[in-house]
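In what follows, a structure is listed as structure tokens, so that the remarks can point back to it.
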Amino acid sequence: MPISAAGNRVRDQGFSADWRYAQQGFTLIELMIVIAIVALATAAVVLVIPDPRGRIRDDAERFASRTRAAHDAAIVTARPVSVWVTPGGYGFDERAGGRWVALSDKLRVVQWTNGIQAVSSGTGGRDRVVFDPTGMADRPLAVELRRDGQSMRVFVGINGAVRVGG
């Protein structure tokens, strides 16, 4: 038996007495799940997009790690080891028999990739820094890698420390 005339009218128009089941829309949990899925998909797309600065950073990191290896080689072999840099590439030599001799295949001469040009803190041509048997460099060196308006710097300190920076 109806309680009021308004109650009859609501039931007659097709609305149920339980209004929670009659509403249309999404719950907060459903919206948050959709937002999380969209965020994950966006992150996946961003990670796939190649970054030109990332490639120049990869070359800078590779040069820095190989320079660190040359530094370590100078200490381990108790011989001076040098790193030389030109606008087109770089290489490593060790002092043996009174002359500079190229190091092994692991530290062979390397050309810069992807059109990268190197500008060093020296004369602009071939620049060399020498690590003595204690690991100290004969002078500091800063090498700037450039390509398409992007740049990345590698610093060699007088103490032999090598770091990569913007």
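Each residue of the sequence shown is one higher than the one before, starting from 1 at the first, in UniProt numbering.
Each residue gets a CB set at the ideal place from its N, CA and C atoms; glycine is no exception.
In the same chain as Pro80, and ignoring 5 residues on each side of it, the C-beta atoms closer than 8 Å to its own belong to Ala74, Glu94, Arg95, Val130, Phe131, Asp132, Pro133, in chain order. Going by C-alpha positions, Gly89 is about 5 Å away from Val110. With fewer than three CB-CB distances shorter than 8 Å, the segment 146 to 161 does not count as touching the segment 101 to 110.
Around the beta carbon of Ile56, 16 or more other beta carbons sit within 10 angstroms, so the residue counts as buried. In the three-state reduction of the DSSP assignment, Ser151 falls in the strand class.
By alpha-carbon distance to Ala69, the top candidate from Thr86, Leu47, Ser104, Ala43 is Ser104.
Boundaries cannot be given for Ala137, as no beta strand (DSSP E) includes it and DSSP labels it neither H nor E. Rounded to whole angstroms, the separation of the alpha carbons of Ala118 and Leu145 is 5 Å.
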